[in-house]
Amino acid sequence: MTIAAEKTGLAQVSDAEILEEAAERLKRQYLNEHGVEFRFGSFHFIFHDGRFQAVEDWPRSRRYLSPKRVVGNKE
Numbered sequence: 005m006t007i008a009a010e011k012t013g014l015a016q017v018s019d020a021e022i023l024e025e026a027a028e029r030l031k032r033q034y035l036n037e038h039g040v041e042f043r044f045g046s047f048h049f050i051f052h053d054g055r056f057q058a059v060e061d062w063p064r065s066r067r068y069l070s071p072k073r074v075v076g077n078k079e
């Protein structure tokens, strides 16, 4: 955890909760910027020389189906 996270109380929040919040914020930002809901695709975190630079949205026109996923399997 970084010093900034410790100062703001984020040290008590799980990584999964932080990432879920970030994902929801990115979806809202995409909706505000493009006027459509982000339904399929990914967001890429861009780093240069070890420092965070930006987030790029990579929308797709269809959903990704994992080869491991079996229809009706809820794992």
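Our numbering puts the sequence shown at residues 5 to 79.
Glycine residues also receive a C-beta, built at the ideal position from the N, C-alpha and C atoms.
Whole angstroms are fine: how far does the CA of residue j sit from the CA of residue i?
i, j, result
"Leu14", "Glu37", "28 Å"
"Phe49", "Asp19", "16 Å"
"Phe44", "Glu60", "14 Å"
"Val17", "Arg55", "23 Å"
"Trp62", "Lys31", "12 Å"
Is residue i near the ligand MN, judged by its Cβ being under 7 Å from some heavy atom?
i, result
"Arg43", "As for the ligand MN, it is missing from this structure, which has no ligand bound."
Apart from the five residues just before and just after residue i, which ones in its own chain have a Cβ nearer than 8 Å to its Cβ?
i, result
"Ala27", "Phe47"
Only counting the same chain, and skipping five residues up and downstream in sequence, which positions put a Cβ closer than 6 Å to that of residue i?
i, result
"Leu64", "In the sequence as presented, Leu is not what sits at residue 64; that position holds Arg. Excluding residues within five positions, the ones whose Cβ falls inside 6 Å are Phe44 and Gly45."
Helix, strand or coil for residue i? Go by DSSP, reduced to three states.
i, result
"Arg64", "coil"
"Arg55", "strand"
If I follow the unbroken alpha helix (DSSP H) through residue i, where does it start and stop?
i, result
"Leu23", "Asp19 to His38"
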